[in-house]
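A.B. asks: Heads up: the sequence shown begins at 3 in our numbering, then just goes up one per residue.
Every residue, glycine too, gets a C-beta built ideally from N, C-alpha and C.
Just so we're clear, the structure is a prediction, and the values are computed from it rather than from any experiment.
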Amino acid sequence: MTSTTLHLGQTLRFDGDPFSEGLAAIHHERQGAVLVSDGTISDLGTADALRARHPGAAVADHGAGLIVPGFVDAHAHYPQTAMIASWGKRLIDWLNSYTFPEEMRFGDPAYAREIAGRYLDLLLANGTTSVCSFCTIHPASVDALFEAAEVRGMRVFAGKTCMDRDTAPERLRDTAQSAYDDSKALLQRWHGRGRAAYVITPRFSPTSTREQLSALGALWAEHPDCLMQTHLSEQTDEIEWVKSLYPEARDYLDTYEAFGLLGARGLYGHAIHLEPREKDRLREIGAGLVHCPTSNTFIGSGLFDMAGLKSGGHTIGLATDTGGGSSFSMLRTMAAAYEIGQLRGTPLHPAHLIWLATQGSAQTLHATDKIGNLAIGLEADMTVLDLASTPAIAQRSAEANDLWEALFPTIMMGDDRAIQATYVAGRRR
């Protein structure tokens, strides 16, 4: 029996990339509708037109709510949920003081399951329907996240974090062989099962030996349909650390390229302090860069060059980077991206911000055929935004002359109160 619901409200969908095509790439319907059948978007248009075409459909009327694609977080660390907002360290000290001790707790499968469920519920409360996350070295941490996502029906991308160098604590080290074997077994168990996608995951080159990077490069070559995620050029002292560990490398990116870990389905988090050669190679290969603005300011990493990299033809997504980031909210992440753009003298338009948090991130994940937009045939992951969720936002939105003036206060000041509803494959969560 077909389950069909007609969602009424304002709608926002993308016909292209607003960075290159301007506001013509965005289609806004003030009295719009989305028809969802068995978890998939089956029709779009005006409320009047869809009511006429589908008179028997159940109706979910969201009033003046703005129906947008569910937010897509392209880089996160779900095991850092419980230690988010830990005070005052640079990256390397922060990892040693907070991150690594917390990740050791994921050797307990029960704890992993507890945090995985808590994390995904926090995402849903903030309108995020898909995430690409690092796990820990423990295979059970991967199982816990995919199991929790399966219960909630979410499309999740994730993988076992691999670290075998003595720069990581002994209790968080695997080996080149076990990294390959565990990752392969998890890949075979989860990749393509329901809405799960496995991601090959070396944490970053300072915590992996050449042997481990080579083993993971070989695994990626065997499974080229998988994504690969890691970190790149987050902080200047990190780059100097990489140079000391890999003196033969031309630059930081070369520590991945030399071992088969540079590709179009690669995701390179942060990418703030890139050399000209690195930019050229990343663009040439079509790799995905992921901007993590709240993390970059919280840990003091630097200011990502969104305008320069987008104009240079790079593929870029947006991410919370929790717990290095300071929020589970993609609204707060969009606000931080705007603020970083202002500091660089290139502020982002609200159209750029909402695109980055949805279709832009889906593009980096090679998933635009499934998520990131309101389009016929896509999975019905949707977030409904209340553009008057607080008195401060309401009084500013009431003065708006167009959609963008109405949406921008929610981007800048909104929190989970702005999430009127979240739908995962058509089911309200």
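What is the rounded straight-line gap between the Cα of histidine 351 and the Cα of isoleucine 274?
C.D. replies: Numbered from its first residue, the sequence shown carries residue 351 at position 349. Numbered from its first residue, the sequence shown carries residue 274 at position 272. Taking the CA atoms as reference points, histidine 351 sits about 21 Å from isoleucine 274.
A.B. asks: I need the straight-line Cα distance from methionine 336 to serine 303, nearest angstrom please.
C.D. replies: In the sequence shown, residue 336 corresponds to position 334, counting from 1. In the sequence shown, residue 303 corresponds to position 301, counting from 1. Roughly 17 Å between the two C-alpha positions.
A.B. asks: State the beta-bridge partners of serine 135 as determined by DSSP.
C.D. replies: Counting from 1 along the sequence shown, the entry for residue 135 is found at position 133. Ala78, Ala160, per the DSSP bridge assignment.
A.B. asks: For serine 39, which beta-bridge partners are listed by DSSP?
C.D. replies: Against the sequence shown, residue 39 aligns to sequence position 37. Its beta-bridge partners are Thr6, Thr42.
A.B. asks: How far does the alpha helix (DSSP H) with threonine 299 in it reach, from first residue to last?
C.D. replies: Reading the sequence shown from its first residue, position 297 is the one you call residue 299. That run of the alpha helix (DSSP H) goes 295-300.
A.B. asks: For histidine 30, which residues does DSSP report across the bridge?
C.D. replies: To locate residue 30, count along the sequence shown from 1; it is residue 28. Histidine 30 pairs with Leu14.
A.B. asks: Residues in the same chain with beta-carbon distance under 6 Å from glycine 18, minus the five sequence neighbours each way, listed in chain order, please.
C.D. replies: Start at 1 with the first residue of the sequence shown, and residue 18 comes out as number 16. Correct list, in chain order: Ala27.
A.B. asks: Are the beta-carbon atoms of aspartate 388 and alanine 420 separated by less than 8 Å?
C.D. replies: Taking the sequence shown and counting its residues from 1, one reaches residue 388 at position 386. Taking the sequence shown and counting its residues from 1, one reaches residue 420 at position 418. Contact flag set, yes.
A.B. asks: Under the rule that 16 or more other beta-carbon atoms within 10 Å means buried, what is serine 246, buried or exposed?
C.D. replies: The residue labelled residue 246 in the question sits at position 244 within the sequence shown. Of the residues assessed, serine 246 falls on the exposed side of the cut-off, its CB having fewer than 16 other CB atoms within 10 angstroms.
A.B. asks: Please go through the segment 224-276 and give each complete beta strand (DSSP E) segment of 3 or more residues, from N-terminal end onward.
C.D. replies: 229-234, 268-272
A.B. asks: Where does methionine 165 fall in DSSP's three states?
C.D. replies: Along the sequence shown, one-based indexing puts residue 165 at 163. The answer is coil: DSSP assigns methionine 165 none of H, G, I, E or B.
A.B. asks: Which residue or residues does DSSP assign as beta-bridge partners of valine 292?
C.D. replies: As a first step, residue 292 must be located in the sequence shown, where it is residue number 290. According to DSSP, which records beta bridges pairwise, valine 292 is partnered with Gly271, Gly319.
A.B. asks: Using 8 Å as the threshold, is the segment 27-43 in touch with the segment 420-429, meaning 3 or more CB pairs across them?
C.D. replies: The segment 27-43, when compared against the segment 420-429, does touch it at the 8 Å Cβ threshold.
A.B. asks: Could you check where the beta strand (DSSP E) with aspartate 63 kicks off and where it finishes?
C.D. replies: Position 61 of the sequence shown, counting from 1, holds the residue named residue 63. Unbroken beta strand (DSSP E) run through aspartate 63: 60-71.
A.B. asks: Taking the alpha carbon of alanine 178 as the reference point, which residue from Ser207, Gly155, Pro249, Ala151 has its own alpha carbon closest?
C.D. replies: As a working note, residue 178 is residue 176 in the sequence shown. In terms of Cα proximity to alanine 178, the closest of Ser207, Gly155, Pro249, Ala151 is Ser207.
A.B. asks: Are the beta-carbon atoms belonging to aspartate 166 and alanine 181 less than 8 Å from one another?
C.D. replies: Locating residue 166 in the sequence shown gives position 164, where the first residue counts as 1. Locating residue 181 in the sequence shown gives position 179, where the first residue counts as 1. Yes. Within cutoff.
A.B. asks: Locate the beta strand (DSSP E) running through methionine 85, then write down its first and last residues.
C.D. replies: One-based indexing of the sequence shown puts residue 85 at position 83. Premise fails: methionine 85 is in no beta strand (DSSP E) and is neither H nor E.
A.B. asks: What does DSSP give as the partner residues of glutamate 23 in its beta bridges?
C.D. replies: Position 21 of the sequence shown holds residue 23. In the DSSP output, where bridge partners are listed per residue, glutamate 23 has none listed.
A.B. asks: Mind pulling the alpha helix (DSSP H) runs of 4 or more residues that sit fully within the segment 331-405?
C.D. replies: 332-345, 352-357, 363-366, 393-399
A.B. asks: Mark alanine 60 as exposed unless 16 or more other C-beta atoms lie within 10 angstroms of its C-beta, in which case mark it buried.
C.D. replies: Against the sequence shown, residue 60 aligns to sequence position 58. The residue is exposed, with fewer than 16 neighbouring Cβ atoms inside 10 Å.
A.B. asks: By the 10 Å Cβ neighbour count, where 16 or more other Cβ atoms means buried, how is leucine 345 classified, buried or exposed?
C.D. replies: Taking the first residue of the sequence shown as 1, we reach residue 345 at position 343. By the neighbour-count rule (16 or more Cβ atoms within 10 Å), leucine 345 is not buried but exposed.
A.B. asks: Compute the distance between the beta-carbons of glycine 343 and methionine 308, then report whether it is under 8 Å.
C.D. replies: Residue 343 sits at position 341 when you count from the first residue of the sequence shown. Residue 308 sits at position 306 when you count from the first residue of the sequence shown. Yes, the Cβ-Cβ distance between glycine 343 and methionine 308 is below 8 Å.
A.B. asks: Kindly list the residues whose CB is nearer than 6 Å to the CB of glycine 196, restricted to its own chain and excluding five residues on each side of it in sequence; keep chain order.
C.D. replies: Here residue 196 refers to the residue found at position 194 of the sequence shown. Counting only Cβ-Cβ distances below 6 Å, and skipping sequence neighbours, we find Glu152.
A.B. asks: Nearest-angstrom Cα distance between threonine 392 and tyrosine 80?
C.D. replies: The residue labelled residue 392 in the question sits at position 390 within the sequence shown. The residue labelled residue 80 in the question sits at position 78 within the sequence shown. Threonine 392 and tyrosine 80 have their C-alpha atoms some 29 Å from each other.
A.B. asks: If I follow the unbroken beta strand (DSSP E) through proline 204, where does it start and stop?
C.D. replies: Looking up residue 204 in the sequence shown gives position 202. Taken as a continuous stretch (DSSP letters only), the beta strand (DSSP E) holding proline 204 covers 198-204.
A.B. asks: For the structure I just gave you, are there three or more beta carbon pairs, one from the segment 45-62 and one from the segment 290-300, closer than 8 Å?
C.D. replies: no
A.B. asks: State the DSSP-derived secondary structure class of glycine 304, mapped to helix, strand or coil.
C.D. replies: If you number the sequence shown from 1, residue 304 lands on position 302. Here glycine 304 sits in coil by DSSP.
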